[in-house]
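Notes to accompany the following structure.
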Amino acid sequence: EFGIPVYPIVGTGSLPFRGGINPDNIENSLPQYEGAKTVTIQSAFKYDYPIQDVKKALDFIEKKLTKVKPVKFGDDEFQTMEVLNDIFKNFYRPTIEKFAPMINRMAQFVPNRRERLQHIGLLGYSRGVGEVALPRAIKFTAACYSMGIPPEFIGTGRGLKEVRAKGMTETLNAHFKTLKWELSHAGKFVNKENIMLFAKKYDWAREIMLDIELCEEILGIELGPQKDRHFLHRNLTSNIMVKHGLGMDFEDDLLEAAIMRKSLG
Numbered sequence: 185e186f187g188i189p190v191y192p193i194v195g196t197g198s199l200p201f202r203g204g205i206n207p208d209n210i211e212n213s214l215p216q217y218e219g220a221k222t223v224t225i226q227s228a229f230k231y232d233y234p235i236q237d238v239k240k241a242l243d244f245i246e247k248k249l250t251k252v253k254p255v256k257f258g259d260d261e262f263q264t265m266e267v268l269n270d271i272f273k274n275f276y277r278p279t280i281e282k283f284a285p286m287i288n289r290m291a292q293f294v295p296n297r298r299e300r301l302q303h304i305g306l307l308g309y310s311r312g313v314g315e316v317a318l319p320r321a322i323k324f325t326a327a328c329y330s331m332g333i334p335p336e337f338i339g340t341g342r343g344l345k346e347v348r349a350k351g352m353t354e355t356l357n358a359h360f361k362t363l364k365w366e367l368s369h370a371g372k373f374v375n376k377e378n379i380m381l382f383a384k385k386y387d388w389a390r391e392i393m394l395d396i397e398l399c400e401e402i403l404g405i406e407l408g409p410q411k412d413r414h415f416l417h418r419n420l421t422s423n424i425m426v427k428h429g430l431g432m433d434f435e436d437d438l439l440e441a442a443i444m445r446k447s448l449g
């Protein structure tokens, strides 16, 4: 509009919920950031992967971002995306509000992995959904993964079902090209046993279990551990929940699980 060049910067984490940029899946996750000119790198990207993989991924980012042209959207496309956002939001929000007390309890045990300046003044904010307060992004994500419940799935299965019913699946796939890949990656850290135990007591767990079942059905994927480190992660998250219930210390298990998924949160 004003003829001034804009160079967008995208700040992401390694896990799909935080943006999904990491050396293992850079080729599959980067396409969702078409138009960005800079991708900032989280500490997990730099320190939890072999140095050669990190260098290779950085080279890929540098070469790819210089060649990709930004996608332009018209008003109709923005309206369509707002409809899609509302579909998923309407399932995510009520579930997360019910899940929040458990997330907040678990987040108390997530360590502070770095020093950071406090946001003050106009930059200050608190994280929350609806009427509930939630931890900041890293602790929120770490708390969910430590229970074997990747937050990527909250409301997603039910959202996909409604998108399909409205005949909007093709539109969703066009705007979120990496959806299946991102959910497949996050799904390696799903602990169905933990969720089923929670489901005996909590509505939010029954809703998330339904989300997982619908994601598997609609996307044609099987969620759960695949490699040895995923099974170790599953076992650690089981330990965490049993020890939590018994009032035992589980911080070592929590940190070991973070190492297995190569990211705290």
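Position one of the sequence shown corresponds to residue 185 (this note's numbering), numbered consecutively onward.
Ideal Cβ positions, reconstructed from N, Cα and C, are used throughout, including at glycine.
On a predicted model such as this, the values are computed, not experimentally measured, just so you know.
Review point. Do G197 and Q226 have their C-beta atoms closer together than 9 Å?
Key: By 1-based counting over the sequence shown, the position of residue 197 is 13. By 1-based counting over the sequence shown, the position of residue 226 is 42. In this structure, Q226 lies closer than 9 Å to G197 by Cβ.
Review point. What are the residues that DSSP puts in a beta bridge with I193?
Key: Position 9 of the sequence shown, counted from the first residue, corresponds to residue 193. DSSP lists T222 as partners of I193.
Check your understanding: Thinking C-beta only, is D260 closer than 9 Å to K446?
Key -> If you number the sequence shown from 1, residue 446 lands on position 262. If you number the sequence shown from 1, residue 260 lands on position 76. No, the Cβ-Cβ distance between K446 and D260 is not below 9 Å.
Check your understanding: How long is the line joining the alpha carbons of E315 and I235, rounded to whole angstroms?
Key -> Locating residue 315 in the sequence shown gives position 131, where the first residue counts as 1. Locating residue 235 in the sequence shown gives position 51, where the first residue counts as 1. Their backbone Cα atoms lie some 43 Å apart in a straight line.
Check your understanding: When we look at the beta-carbon of M331 and count the other beta-carbons within 10 Å, is it buried (16 or more) or exposed?
Key -> Translated into positions along the sequence shown, residue 331 becomes position 147. So M331 counts as buried.
Exercise for review: Provide the residue span of the alpha helix (DSSP H) that contains P278, from first to last.
Suggested key: Within the sequence shown, the letter at position 94 stands for residue 278. Segment 259 to 291, the alpha helix (DSSP H) holding P278.
Practice item. Within 10 angstroms of the Cβ of R348, are there 16 or more other Cβ atoms? Answer buried if so, exposed if not. Key: Numbered from its first residue, the sequence shown carries residue 348 at position 164. Answer is exposed; the Cβ neighbour count stays below 16.
Point to revise | Buried versus exposed call for M380 [16 or more other C-beta atoms within 10 Å across all chains shown] | key: For this step, residue 380 is matched to residue 196 along the sequence shown. By the 10 Å Cβ count, M380 comes out exposed.
Practice item. Measure the Cβ-Cβ separation of E218 and V252 and say whether it is below 9 Å. Key: Taking the sequence shown and counting its residues from 1, the one referred to as residue 218 is at position 34. Taking the sequence shown and counting its residues from 1, the one referred to as residue 252 is at position 68. The answer is yes: Cβ separation under 9 Å.
Check your understanding: Closest to A317 by CA distance: which of E346, P335, F283 is it?
Key -> As a working mapping, residue 317 is identified with position 133 in the sequence shown. The shortest C-alpha separation from A317 is found at F283.
Check your understanding: At what residues does the alpha helix (DSSP H) containing G187 begin and finish?
Key -> Within the sequence shown, the letter at position 3 stands for residue 187. No alpha helix (DSSP H) holds G187; DSSP gives it neither H nor E.
Exercise for review: Might you give, ordered along the chain, the residues of its own chain that have their beta carbon closer than 7 Å to the beta carbon of V255, omitting 5 neighbours on each side?
Suggested key: Position 71 of the sequence shown holds residue 255. Correct list, in chain order: E218, G219.
Review point. Does the Cβ-Cβ distance between R413 and E377 come in under 9 Å?
Key: Within the sequence shown, numbered from 1, the residue matching residue 413 stands at position 229. Within the sequence shown, numbered from 1, the residue matching residue 377 stands at position 193. Contact flag unset, no.
Review point. Bridge partners of A228, per DSSP?
Key: Against the sequence shown, residue 228 aligns to sequence position 44. Per DSSP, none; premise fails for A228.
Point to revise | Identity of the residue in T421, D433, M444 nearest K411 by Cα | key: Position 227 of the sequence shown holds residue 411. Nearest C-alpha to K411: M444.
**Study point:** Among K384, N375, K345, the one whose alpha carbon lies nearest that of G395
**Key:** Against the sequence shown, residue 395 aligns to sequence position 211. Looking at the sequence itself, residue 395 is Asp, so the reference to Gly does not match. Minimum Cα distance to D395 is reached at K345.
Exercise for review: Kindly indicate which three-state DSSP category F360 falls into: helix, strand or coil?
Suggested key: Position 176 of the sequence shown, counted from the first residue, corresponds to residue 360. Coil at F360, not helix or strand.
Exercise for review: Using a threshold of 9 Å, state whether the C-beta atoms of T279 and G339 are closer than that.
Suggested key: Walking along the sequence shown from the start, residue 279 turns up at place 95. Walking along the sequence shown from the start, residue 339 turns up at place 155. Yes; because the gap between Cβ atoms is below 9 Å, this pair is in contact.
Point to revise | Beta-carbon proximity check, G408 vs K372, cutoff 9 Å | key: Here the question's residue 408 lines up with position 224 in the sequence shown. Here the question's residue 372 lines up with position 188 in the sequence shown. In contact: G408 and K372 (Cβ atoms closer than 9 Å).
Point to revise | F262 classed as buried or exposed, judged by whether at least 16 other C-beta atoms fall within 10 angstroms | key: In the sequence shown, residue 262 corresponds to position 78, counting from 1. With fewer than 16 other Cβ atoms within 10 Å, it is exposed.
Practice item. From the DSSP output, in three-state form, read off V238 for me. Key: Here the question's residue 238 lines up with position 54 in the sequence shown. It is helical.
Review point. Would the beta-carbon of F337 fall within 9 Å of that of I287?
Key: Position 153 of the sequence shown holds residue 337. Position 103 of the sequence shown holds residue 287. Going by C-beta atoms, F337 is not nearer than 9 Å to I287.
**Study point:** Span separating the alpha-carbon of N357 from that of L363
**Key:** Numbered from 1 along the sequence shown, position 173 holds the residue referred to as residue 357. Numbered from 1 along the sequence shown, position 179 holds the residue referred to as residue 363. Distance between the alpha carbons of N357 and L363 is about 7 Å.
**Study point:** Boundaries of the alpha helix (DSSP H) in which R445 is found, first to last residue
**Key:** What you label residue 445 is simply residue 261 of the sequence shown in a count that begins at 1. 435 to 445 is the extent of the alpha helix (DSSP H) around R445.
Review point. What do you reckon, are the CB atoms on I245 and I188 nearer than 9 Å?
Key: As a working note, residue 245 is residue 61 in the sequence shown. As a working note, residue 188 is residue 4 in the sequence shown. Taking 9 Å as the Cβ cut-off, I245 and I188 do not qualify as a contacting pair.
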